[in-house]
Amino acid sequence: MSQNTATLSSAPPFDEAAANPVAGIDQTKGDFQYDVTYEFDAGTGLNENTVRYISSVKKEAPWILEFRLNALKKFQSMPMPTHWATKDLENINFDKIRYYLSQGQKPKRTWDEVPDDIKQTFERLGIPEQERKFLAGVEAQFDSEAAYSNIKDLVAKQGVIFANSTEALREHPEIFRKFFGKVIPTGDNKFSALNSAVFSGGSFIYVPKGVKVAQPLQAYFRINAENFGQFERTLIIADEGAELTYMEGCTAPKFSTSTLHSAVVELVALKGAKIQYITVQNWANNVFNLVTKRGVAHEEAEIKWIDCNIGSRLTMKYPGVVLKGRKARGEVISIALANDGQHQDTGAKMIHAADETTSNIVAKSISVGQGRSTYRGIVHIPKHLKGCKNNTECDALLINTNSRTDTYPAITVRGDANSVQHEASVSKVNEEMIFYMQQRGLTEGQAMSLAVNGFINDLARQFPMEYSVELKRLIDLEMEGSVG
Amino acid sequence: MSSLVIRDLHVAIGEKKIVKGFSLTIKSGEVHAIMGPNGTGKSTLAKAIAGHPDYTITGGDVLLDGQSILEQEADERARAGLFLAFQYPSEIPGVSIANFLRAAVQARMAEGEEIDATAYYKRLYSKMDLLKIDRKFTSRSVNDGFSGGEKKRCEILQMAMLEPKFALMDETDSGLDIDALRIVADGVNTMRGPNLGVLMITHYQRLLDYIVPDYVHVMWDGRIVKSGDKSLALELEAKGYDWVKKELALATA
Ligand SMILES: Nc1ncnc2c1ncn2[C@@H]1O[C@H](COP(=O)(O)OP(=O)(O)OP(=O)(O)O)[C@@H](O)[C@H]1O
Ligand SMILES: [Mg+2]
Chain A
1 MSQNTATLSS APPFDEAAAN PVAGIDQTKG DFQYDVTYEF DAGTGLNENT
51 VRYISSVKKE APWILEFRLN ALKKFQSMPM PTHWATKDLE NINFDKIRYY
101 LSQGQKPKRT WDEVPDDIKQ TFERLGIPEQ ERKFLAGVEA QFDSEAAYSN
151 IKDLVAKQGV IFANSTEALR EHPEIFRKFF GKVIPTGDNK FSALNSAVFS
201 GGSFIYVPKG VKVAQPLQAY FRINAENFGQ FERTLIIADE GAELTYMEGC
251 TAPKFSTSTL HSAVVELVAL KGAKIQYITV QNWANNVFNL VTKRGVAHEE
301 AEIKWIDCNI GSRLTMKYPG VVLKGRKARG EVISIALAND GQHQDTGAKM
351 IHAADETTSN IVAKSISVGQ GRSTYRGIVH IPKHLKGCKN NTECDALLIN
401 TNSRTDTYPA ITVRGDANSV QHEASVSKVN EEMIFYMQQR GLTEGQAMSL
451 AVNGFINDLA RQFPMEYSVE LKRLIDLEME GSVG
Chain B
1 MSSLVIRDLH VAIGEKKIVK GFSLTIKSGE VHAIMGPNGT GKSTLAKAIA
51 GHPDYTITGG DVLLDGQSIL EQEADERARA GLFLAFQYPS EIPGVSIANF
101 LRAAVQARMA EGEEIDATAY YKRLYSKMDL LKIDRKFTSR SVNDGFSGGE
151 KKRCEILQMA MLEPKFALMD ETDSGLDIDA LRIVADGVNT MRGPNLGVLM
201 ITHYQRLLDY IVPDYVHVMW DGRIVKSGDK SLALELEAKG YDWVKKELAL
251 ATA
């Protein structure tokens, strides 16, 4: 792994001017705030008392409190990863962040029971009618606690457990404790340690042996309070031969001060299981989005991350798959759009740990204006393995000359019984192409938008219908704001 | 009835003067052919009229129905009824012809008005049939990997769908095989009528056998140096541009 570290640390020095101009994008989506009376509030700042407070509000078992306190120590002792990552991380003021808020509600089960202001929020988020009807199947996170859910009942008939993290750890410790914090150890990085100390919200799912969940399970996250960090914790276990698609979408109101979002998502696909995890997110321009996502794929299992990052001030996210069993497959499909003032530092990690494992990474990034995209990847295939394959493709699209993109692919293959393929391309939106489209009557913004949608089209097609529609709409919004 | 008036137009690319006092009036219903040697500024003229941002208008004017369009962006001109069939059409990876044209048609509709998808596809298919374009092309990315001839046919398909007042056709015939040339010409002839004016740039008199022009102009060094009817094209073919050059030399001597 030393080779990887070397590559990562060769990241160029932070360019203040390029990374932090005031963003001039008018994002009308997600730009609102409603009054909410928070029943529990851990105040700002982080220390042992904060952690104890969160744990007591959640009436947690002692082992969880211990887990949290241990994580807090790790968080406090670990350095920022700024030796390879952007120095912008140093601008996070951990003392000003609120680590826990709750309305103290029990998750709602029927649409009628959902408070009007929350319904209004969904309305404003522009969730399509069709999807709104489907809200019966949405595990929606309103601030720290799930405010709405009822697909649970539906899938419960198949023996599926779909609960928020608090509930799941309380009611099904025998299932979740075994895997909790095992895919991503607390000390994996400073932010996974932070999440482990203060996590609340997020989904825990267990799909029993051989059960194939027909409809995708969904969660819709947003950040509602200023200075309020969200620390969701998600753990999904697909037992042998089980299949599941999980979708996560995020939009957030725009705030003047920075907001921290630091989630941990762990997936376990046991023998022959399949998990597909889909994210489309559109964070406000002041959000630090520092997420650790990783899955373990056992024998003949398959894990696929489809990850789309739009917005945020800084996103650092490298979904990974540990290919633990023979013939396991891992895939990361990623789209990142960095507009003015945004930095998308995304990528993938594929750790091959068994023979005949295959992995595929397709990453497309779009940088607009002063936006910056970085691809960072690791593909690790140790020498003793045979018949492993990796394919990595990174394509970057630059819109205007100030945009910047960096690629740090680290592929370590030791031994020649394995094969890797790597392709990378950087292209600019061609002015002749834009003129061509304008000549057909499209405005410059519409032309850009079409060009960008065309660039990611082959990946967007892999999204479920309503998500690719949402994605297109988000790109239209971003592109309209980026011209003239 | 509409008119497109190009009045003493001067166009430069950077410092380089390309179009030097070009004047021509096209009325709807008319087909004007422009011929002229390579590098004489025909494409530059067409792109400048269409509003290409790299081309600087250093003098003169272009009026559509009496209104100058020079202050308008390319897309405004397009929506006002100007269409350019490109000599070298751009490729747009990942954007299907159906979606692209749909966006272009939608762009011409009033705010709040939505395209009727069924009617749109019906119309698209009928135009494709007219131009003998296989329906599987609708899902192919615009011009992406198209052969030269397919690109040209796709330009005419777009023209048929967008129903411009004036079409500037830049060497639409080049790259077409004999059958395709006839198909494209038939397509253009079907569109021909009191609502369409055409400026047709070509090197080959053969095209003019299929699409018979009302006027033929010879462009030389950035402007029109000779005008006539269809017979001028035949004369040009027989005598070559040297003949025009000599006449020109005599006239200016
Ligand atoms: N972007 C550009 N930058 C510099 N020079 C250019 C540019 N575009 C065109 N020119 C030059 O302008 C002149 C006219 O070019 P144009 O394409 O208009 O000629 P044309 O009459 O269409 O020729 P052809 O018959 O070969 O298509 C040529 O000398 C060409 O090299
Ligand atoms: Mg030309």
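Just so you know, the protein sequences line up as chains A and B, in that order.
Counting from 1, position 253 in the first sequence corresponds to residue 253 in my numbering; the numbering is continuous, with no gaps.
Counting from 1, position 169 in the second sequence corresponds to residue 169 in my numbering; the numbering is continuous, with no gaps.
Positions of the beta carbon are idealized from the N, C-alpha and C atoms, including for glycine.
It should be emphasised that the depicted structure is a prediction, and the values quoted were computed from it without experimental measurement.
| query | result |
| --- | --- |
| Can you find at least 3 beta carbon pairs, one from the segment 2–19 of chain B and one from the segment 176–192 of chain B, that sit closer than 8 Å? | no |
| Please report the straight-line C-alpha distance between A:VAL413 and A:LYS383, rounded to a whole angstrom. | 7 Å |
| Please tell me whether B:ARG223 and B:GLY21 are closer than 8 Å, where the distance is taken between their beta carbons. | yes |
| What would DSSP say about A:ASN286, mapped onto helix, strand or coil? | coil |
| Could you please tell me which residues of the segment 56–78 of chain B, in chain order, have their CB closer than 9 Å to any CB of chain A? | GLU73, ALA74, ASP75, GLU76, ARG77 and ALA78 |
| Whose beta carbon lies closer than 7 Å to any heavy atom of ligand 2, going through the chain in order? | B:LYS42, B:SER43, B:GLN87, B:ASP170, B:GLU171 and B:ILE201 |
| CB-CB under 7 Å to A:ARG376, same chain, minus the five flanking residues each way: which ones, in chain order? | LEU8, TYR318, ASP345, GLY347 and TYR408 |
| For A:ASN195, collect the residues of the same chain with a Cβ closer than 6 Å to its Cβ; drop the 5 residues on either side in sequence, then sort them by chain order. | PHE231, SER262 and VAL264 |
| For B:TYR120, does the three-state DSSP call read helix, strand or coil? | helix |
| Can you tell which of B:LEU24, B:ASP8 and B:LYS42 has its C-alpha closest to the C-alpha of B:ASP221? | B:LYS42 |
| So is B:GLY94 in contact with chain A if we call contact Cβ pairs under 8 Å? | yes |
| Going by the C-beta, is A:THR245 closer than 7 Å to any heavy atom of ligand 3? | The ligand content of the structure shown is limited to ligand 1 and ligand 2, which means ligand 3 is not among them. |
| Does ligand 1 have a heavy atom nearer than 7 Å to the CB of B:ILE13? | yes |
| Identify the contact partners of A:ASP458 in chain B, using a Cβ-Cβ distance below 8 Å as the criterion. | GLY94 |
| Counting only beta-carbon atoms, is B:ALA50 nearer than 8 Å to chain A? | yes |
| Going along chain A in order, which residues have a C-beta closer than 7 Å to the C-beta of B:ALA104? | ARG440, GLY441 and LEU442 |
| CA-CA distance, B:MET161 and B:VAL19? | 30 Å |
| Quick check on this structure: which residue in B:GLY94, B:SER147, B:ALA167 and B:ASP177 has the alpha carbon closest to the alpha carbon of A:GLN439? | B:ALA167 |
| Within the present structure, is the beta-carbon of B:GLY39 separated from the nearest heavy atom of ligand 1 by less than 7 Å? | yes |
| Using a Cβ cut-off of 8 Å (strictly closer), state whether A:LEU450 contacts chain B. | yes |
| How far does the beta strand (DSSP E) with B:PRO93 in it extend, from its first residue to its last? | 92–96 |
| Identify, in the order they occur along the chain, each residue of the same chain with its Cβ nearer than 6 Å to the Cβ of A:ALA168, setting aside the five sequence neighbours on each side. | PHE176 and PHE204 |
| Check the Cβ of B:GLN158 against every Cβ in chain A and list those closer than 9 Å, keeping chain order. | ARG440 |
| Keeping to the same chain, check which residues put their C-beta closer than 6 Å to that of A:VAL268; ignore five residues upstream and five downstream. | PHE179, ILE237 and VAL296 |
| Which residues, taken in chain order from the segment 122–133 of chain B, show a beta carbon closer than 8 Å to some beta carbon of chain A? | none |
| Does B:ILE178 pass the burial test, meaning 16 or more other C-beta atoms within 10 Å, or should it be called exposed? | exposed |
| Which chain B residues sit within Cβ distance under 8 Å of A:GLY454? | ILE92, PRO93, GLY94, VAL95 and SER141 |
| Over what stretch of residues does the beta strand (DSSP E) that includes A:ILE361 continue unbroken? | 358–368 |
| Quick one: residues in its chain with C-beta nearer than 7 Å to the C-beta of B:GLY175, no 5 flanking neighbours on either side, listed in chain order? | GLY148, GLY149 and LYS152 |
| I'd like to confirm the pairing. Which residues does DSSP put opposite B:VAL218 in its beta bridges? | B:MET35 and B:LYS226 |
| Do you know how far the Cα of B:THR172 is from the Cα of B:PRO213? | 15 Å |
| Report the rounded CA-to-CA distance for B:THR56 versus A:GLN446, giving the unit in angstroms. | 24 Å |
| Taking all protein chains shown into account, decide if A:THR374 is buried (16 or more other Cβ within 10 angstroms of its Cβ) or exposed. | buried |
| So, helix, strand or coil for A:ALA263, using DSSP? | coil |
| Which residue's Cα is closest to the Cα of A:VAL291: A:PRO216, A:VAL362 and A:LEU260? | A:LEU260 |
| Please list, in chain order, the chain B residues whose beta carbon lies closer than 7 Å to that of A:GLU393. | The contacting residues do not exist; A:GLU393 stays about 14 Å from chain B at best. |
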